[in-house]
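What follows is a set of notes on a single structure, which appears directly below.
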Amino acid sequence: MSCRTMATESVKPNVLLQRDFLPVFIIIVNAFSWYFPLYLFFQSIVGKFEVESTFLLVAFGVQCVATVVSAIGGTALIKKFPSRDAFLSVWMFVGIVASILMITLETFNMAYILVVSFLLGISLGLGFPSCLAYFGDYSTEENRGRLAGITFFASCLCMFFIGLLLSFSTLVVGALILAAWRGIGLFLFRLTRSKQEYSKETMVEISYGSVLLDRSFLLYLVPWIMFCLINFLGYPVLTIFFGEDFALFMTIAEFGIGSFAALIGGWFADSIGRKRVIIFGFIVLGIGYAVLGLFPNHVLSWYLYLILDGVAWGTFSLMFYMVIWAELAGNRIKEKYYLIGVLPFLISSYIQILFTPYAELIPISAAFSLASFFLFLAVLPLMYAPETLPKKVIEQKRLGKYLKDVRKIKAKHEKRQQK
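Positions 0 to 418 (numbering that gives the first Met the number 0) are the ones given, in order, by the sequence shown.
Right under this line is the structure:
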């Protein structure tokens, strides 16, 4: 390969980011930074009502079911629309309506709370797989990691900003902020969207059964499921162990650490491969739990765990939300890969709500030991999983780095000769 060819390839990510990728960037950043603050805001509002814990379980269960069912329906419904952009625009508009409807929660009607919970679930699930598949279609193997890292980092910044505003807001003001933010996203998406729709004529349709029978897909899915279960079931136990104040501080600190870890991890994913980055995340998290198990009463071990868990979370969010499923899908339509890929996170978050009342029954030493053991088991499927970044891409990047170093050495040598 000539230097000129390599130079041309290195320009591709910039051209992609400036032209076709901008609407993708906008819709994903807006989706993440709208829904996750909305979910926490809704959880906070409903938690203030004097209702039985059983009703809360039902309310969040309705939301979880609505998210999953609407996501499955959305992968079929998108075919009825003239373009994916039109479908995603309708999805974002539904989010605006659902946000505004939260205003009337002040009436405190239990049936109405369930209706709003159901609509909020639809407002996420309906277009979320297509939104993520949009990213997969408009990114390439050479730059997918870096673009995902930049996108997720920007999403975290916006999540923090929106979350901060909501923390000082009443129900009415908070609902209007969320509706306005979703509306801004819709406006910018329509303004910047590509006039030429991405062609799916060359892409192959695939069934859910075929996705689940894909060996490579399962080898990545199983570790992701195990991580989600360990994380969400472990959080209530850790909250009891650390205390609520430190647990809250840990959540905020890990959010910041994870955003930077995703940004850096995206660069490494494009340089050394996806599989190595994911294995690194599991190793880091395993060390964190091992340190907690050995030195549970040392505050330094708490902070070390906080850092390592934040790094792991950022790495896994990057890889399992945005990168890995697009590459396993290849030239097949990606929505179903992304849908199944995000289900472990959604379902585990609800399992956490079910498990929380029983967390105090788990001995802390047993919790750390079990977490370390299952993290070790989670790495085993990855040993047999294929690397999704082609070897030729890795070699091209190594060659490009080598040529860059040679040019630097040559420039230094020429400077010395001139002196």
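Note that beta-carbon positions come from the ideal geometry of N, C-alpha and C, so glycine has one too. A quick note: this is a predicted structure, and the numbers were derived from the prediction, not measured.
Is it a yes or a no for the segment 57–68 touching the segment 118–130, going by three-plus beta-carbon pairs under 8 Å?
Short answer: they touch.
Given 8 Å as the limit, is there contact between the segment 96–109 and the segment 296–316, that is, 3 or more CB pairs closer than that?
Segments in contact, no.
For the alpha helix (DSSP H) that contains F294, what are its first and last residues?
Per DSSP, F294 lies in no alpha helix (DSSP H) segment and is marked neither H nor E.
Three or more C-beta pairs closer than 8 Å, one from the segment 253–264 and one from the segment 376–387: is that the case here?
Flag = no, the segment 253–264 and the segment 376–387 do not touch.
Just grab the DSSP bridge partners of V203 for me.
Note: V203 sits in a beta bridge opposite R331.
Using the Cα positions of G94 and W33, report the straight-line distance between them to the nearest angstrom.
When rounded, the distance between both Cα atoms is 9 Å.
Could you have a look at F188 and say whether DSSP puts it in helix, strand or coil?
In the structure shown, F188 sits in a helix (DSSP, three-state: H, G or I).
Range covered by the alpha helix (DSSP H) that runs through N230:
Looking at the DSSP string, the run of the alpha helix (DSSP H) that includes N230 is 214–241.
Can you give the Cα-Cα distance for S52 and I323, rounded to whole angstroms?
Distance between the alpha carbons of S52 and I323 is about 37 Å.
Going by the CB atoms, is the gap between N296 and M202 shorter than 7 Å?
No, the Cβ-Cβ distance between M202 and N296 is not below 7 Å.
Measuring CB to CB, does F421 end up less than 7 Å from I352?
With the chain represented from 0 up to 418, any question about residue 421 goes unanswered, as that position is not in the structure.
Just to confirm before moving on: does the CB-CB distance between L55 and G148 stay below 7 Å?
For L55 and G148, no; Cβs fall outside 7 Å.
CB-CB under 8 Å to P356, same chain, minus the five flanking residues each way: which ones, in chain order?
Once the five neighbours on either side are set aside, the close Cβ partners of P356 are S52.
State buried or exposed for L211, treating a residue as buried only when at least 16 other CB atoms are found within 10 Å of its CB.
Sixteen is the threshold: since fewer than 16 other Cβ atoms of the shown chains lie within 10 Å of the Cβ of L211, the residue is exposed.
Under 7 Å between the Cβ atoms of V283 and A311?
Yes, the Cβ-Cβ distance between V283 and A311 is below 7 Å.
For V236, which residues in the same chain have their Cβ closer than 6 Å to its Cβ, ignoring the five residues on either side in sequence?
Once the five neighbours on either side are set aside, the close Cβ partners of V236 are A358, I361, A366.
Is it true that the CB of W223 sits closer than 7 Å to the CB of F319?
Cβ atoms of F319 and W223: closer than 7 Å.
If you follow the alpha helix (DSSP H) that K47 is in, where does it begin and where does it stop?
Taken as a continuous stretch (DSSP letters only), the alpha helix (DSSP H) holding K47 covers 20–47.
Just the C-alpha distance for C130 and I26, rounded to the nearest angstrom, thanks.
Near 7 Å, if we compare the C-alpha coordinates of I26 and C130.
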